[in-house]
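>
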Amino acid sequence: MEKWILIDKMDQVKEVSEKLLQAKVMAVDTETTGLNPHISKLRLIQIAVEGSATVIFDCFKLLPEAVKEISDILTSPAIKIFQNAKFDLKFLRSENIQVSGWIFDTMLAAKLLKTSGGPQSVGLASLVSFYLNQTLSKEQQKSDFSSKLTMEQLNYAAKDAEILLDLRLRLLDEIKKNQLIEVARLEFACVYAIASMEYDGIYLDKKKWLILSEETQQMKEKALSQLYPFIGYPTVQLGLFGNHKAYGSNVNSNKQVLKMLNENGISVKNTSKQSLSHFVQHPIVVSLMKYRYASKALSSFLHTIPNQININTGRLHPQYSQIGAWSGRMSCGRPNIQQIPRGKAFRQCFATLPGRKLVIADYSQIELRVIAQISGDQRMIVAYNNGDDLHKLTASLVLQKKTSLITKKERQAAKAVNFGLVFGMGAAGLQAYAEETYGVKMSSSEAVLFKERFFMAYKGVETWHKELQKNKPGISRTLAGRKHTYNRESGLSIRYNTPVQGTAADILKNALGMLYVKLKDSNTSIVAVVHDEIVLECDQAEAQETSLLLRKTMEEAGARYLKDVPVVAEASIADSWAGK
DNA sequence: TCAGTTCGCGCG
DNA sequence: AAAGCGCGCGAACTGA
């Protein structure tokens, strides 16, 4: 049997596809001329099945003619194994090749196993060495697929696909052994949504963005000039590449800023916002905070994001890491769309072209609802089922007042109490947190009292905490079975937090998987996902319908895991991410 | 000189 | 005894 066969003529495609269509499991890999699906080209598609030679499609020769035939193969009922499916899916999409059915992503499987003694590095070579005890040449990754193919390249290309057949069997074994089947299904179903979201990207109104940049630049300069008396006035210095300004000290240097602050009677240990919050009336602090805000906005967002607009699509294509956080949450970068400032000025730049709308939906208090479910706290469960306002309820229980008499301020304080205490914050932490986050002042004795009353009121949460304390070093699982392991040193708060954050991630990913299926043949794109929020872009005429579908899907996805607590999502239609 | 670490801060 | 958690990114700093 030949190891592999290169297909570069249409009549050969028909010959090999018969065999491939019969397979129950196929391993798929692609080679491309680069990493960006909107710039680089798909060069090879390798498909390996058990018992016959690996098929290598030469895309330069076959596409677009063979799109239909290759799509037929990749939409067959077979399980498709990929290493980092997202990457291949985007390139296949760029050539209009369809893929459907169950995916087994070896990289995601390995990431799920990281907390169960799996490999710490999840690249293909590492996985092959870890699970199969073989060495895989890394030469392939460096090789250039834009010119003529060499025999060596084809050998490696075939090998990368073939090895996935064996790798899946080993990973499947581990996944079963660690009872990760359900969460693996969840992750695998979600890959399609993430790949299409990255491929479609999100539109940024560059003009508005540049105006905001200029305003912020002015703000930064103004704040800087207000700091001159303390950091020194600028002097023009002769530099190698022309004149440049120099100051007595560098405002960006925390070390120098700390010294300057201390010299001016502001006794802080570090220069963080938190420490400075005790001196907000001081003019230095006012200017420094303004400078910091503007400087952060400029360097992290305003200056860098326009450069990341793709030249061919005119859109941003943030990269998501599906299992980016230890908890199971996704992370995001280039740019990190999950940390765009909440201010309207920033969010209104994330917009649509005429005729299109954004549909924005988020879960209401998802983490607190997860806590209610996981802890089984009866009072919380009853409150949510009655549609009560949980923050108000906490305020009334902690302050021992009727809910009808709770003021807005008191509700805010209770919000801090809810979030802080269920995640293991102490009384002192609660006090500081309430003031910093919600501007609510409470004395330390008040904080201690509130904490006691909180756990008195929510007995279920207290027992849940006690159980987690006993479980040392221990493991925990989210409601989809995602596993976390703790060492002896792991603090309590991490034990309280991880299963909650992780379950919320399970729910969101379930929603994304379901959503992809429903939106597959529509003109609607998923454009952003931010932990408990999903943003879609659709035709204006379909906005109402899409909004309902999004809300219903998110709620249904949550109901699968929160059996005793209602899951509520809220959706709105808007021209930008800032809302209506 | 340069890779790796730390601080500070944006989001949920 | 006291304690929120999870990320990515830019600038400064550190160390060989």
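Here the first sequence stands for residues -6 to 573, where the numbers follow this note's numbering.
Every residue, glycine too, gets a C-beta built ideally from N, C-alpha and C.
Would DSSP call F294 helix, strand or coil?
helix
> Rounding to the nearest angstrom, what Cα-Cα distance links L390 and V520 in this structure?
41 Å
> For V250 and W319, I'd like the C-alpha separation in whole angstroms.
Their Cα atoms are separated by approximately 34 Å.
> To the nearest angstrom, how far is the alpha carbon of G572 from that of Q332?
17 Å
> Cutting at 7 Å between CB atoms, please list the residues of its own chain near P70, excluding the five before and the five after it.
Contacts found: G94.
> Using the three-state DSSP reduction, which class does A16 fall into: helix, strand or coil?
coil
> With DSSP run on the structure shown, which of helix, strand or coil describes D193?
helix
> Which residues in the same chain have their Cβ closer than 6 Å to the Cβ of S469, if we skip the five residues on either side of it in sequence?
H477, P492.
> Assuming G40 and C52 are in contact, meaning their beta carbons sit under 8 Å apart, how far apart are those beta carbons, in whole angstroms?
Gly is not the amino acid found at residue 40; the sequence shown has Ile there. The pair is not a contact, with the Cβ atoms about 12 Å apart (cut-off 8 Å).
> Using beta-carbon positions only, say whether L508 and S518 come within less than 8 Å of one another.
no
> Sorted by chain position, which residues of the same chain lie with C-beta nearer than 8 Å to A59's C-beta, five sequence neighbours on each side aside?
Same-chain partners within the cutoff: M3, V6, F50.
> On the criterion of 16 or more Cβ atoms from any shown chain inside 10 Å, does H458 qualify as buried, or is it exposed?
buried
> Report, in whole angstroms, the separation of the C-beta atoms of A562 and A354, which I expect to be a contact under 8 Å.
Rounded, the Cβ-Cβ distance is 5 Å, consistent with contact.
> From I96, E62, K54, pick the residue whose C-alpha is nearest to that of I74; which is it?
I96
> Would you tell me roughly how many angstroms separate the C-alpha atoms of W511 and N379, rounded to the nearest one?
Here residue 511 is Lys; the residue named in the question, Trp, does not match the sequence. Taking the straight line joining both Cα atoms gives about 31 Å.
> Taking the Cβ atom as the reference point for each residue, do L295 and L205 lie within a distance shorter than 8 Å?
In this structure, the beta-carbon distance from L295 to L205 falls below 8 Å.
> Would you say I330 and P299 are within 8 Å of each other, going by their C-beta atoms?
no
> Exposed or buried, which one is Y221 when buried takes at least 16 other CB atoms within 10 Å?
exposed
> Just the C-alpha distance for E175 and V560, rounded to the nearest angstrom, thanks.
Between the alpha carbons of E175 and V560 lies a gap of roughly 20 Å.
> Can you give me the C-alpha to C-alpha distance between I66 and E548, rounded to a whole angstrom?
34 Å
> Quick check: is any heavy atom of the ligand GTP less than 7 Å from the C-beta of E445?
This structure lacks the ligand GTP; in fact it carries no ligand of any kind.
> Per DSSP, which residues does Q39 bridge with? Please list them.
D22, I49
> Could you tell me whether the stretch 135 to 146 touches the stretch 430 to 447, where touching means 3 or more Cβ pairs closer than 8 Å?
No, the stretch 135 to 146 is not in contact with the stretch 430 to 447.
> Leaving out the 5 sequence neighbours to the left and right, which residues in its chain are closer than 6 Å to L56 when beta-carbon positions are compared?
Sequence-distant Cβ neighbours of L56 in its own chain, meaning closer than 6 Å and more than five residues away, are E88.
> Going residue by residue through the stretch 451 to 513, where are the continuous alpha helix (DSSP H) segments of at least 4 residues, counting only ones entirely within it?
452 to 463, 485 to 512
> With distances taken between CB atoms, is the gap from R481 to P466 smaller than 8 Å?
yes
> DSSP three-state call for L269: helix, strand or coil?
helix
> So, does the stretch 112 to 130 touch the stretch 6 to 19, judging by three or more C-beta pairs under 8 Å?
no
> Check this for me: beta carbons of L433 and A427, under 8 Å apart or not?
The residue asked about is misnamed: residue 433 is Val in this sequence, not Leu. For V433 and A427, yes; Cβs fall inside 8 Å.
> In the DSSP assignment, find the alpha helix (DSSP H) that holds L254 and state where it starts and stops.
L254 -> alpha helix (DSSP H) spans 247 to 256.
> From the DSSP output, in three-state form, read off L158 for me.
Helix, per DSSP.
> Please tell me whether T108 and L160 are closer than 8 Å, where the distance is taken between their beta carbons.
no
> In whole angstroms, what separates the C-alpha of K34 from that of F80?
12 Å
> Helix, strand or coil: which one does DSSP assign to I399?
In the structure shown, the three-state DSSP call for I399 is coil.
> Between the stretch 191 to 199 and the stretch 338 to 346, can you find at least three pairs of beta-carbon atoms closer than 8 Å?
yes
> Taking only the alpha-carbon atoms, compute the straight-line gap between G326 and A188 and give it to the nearest angstrom.
So the two alpha carbons sit approximately 14 Å from each other.
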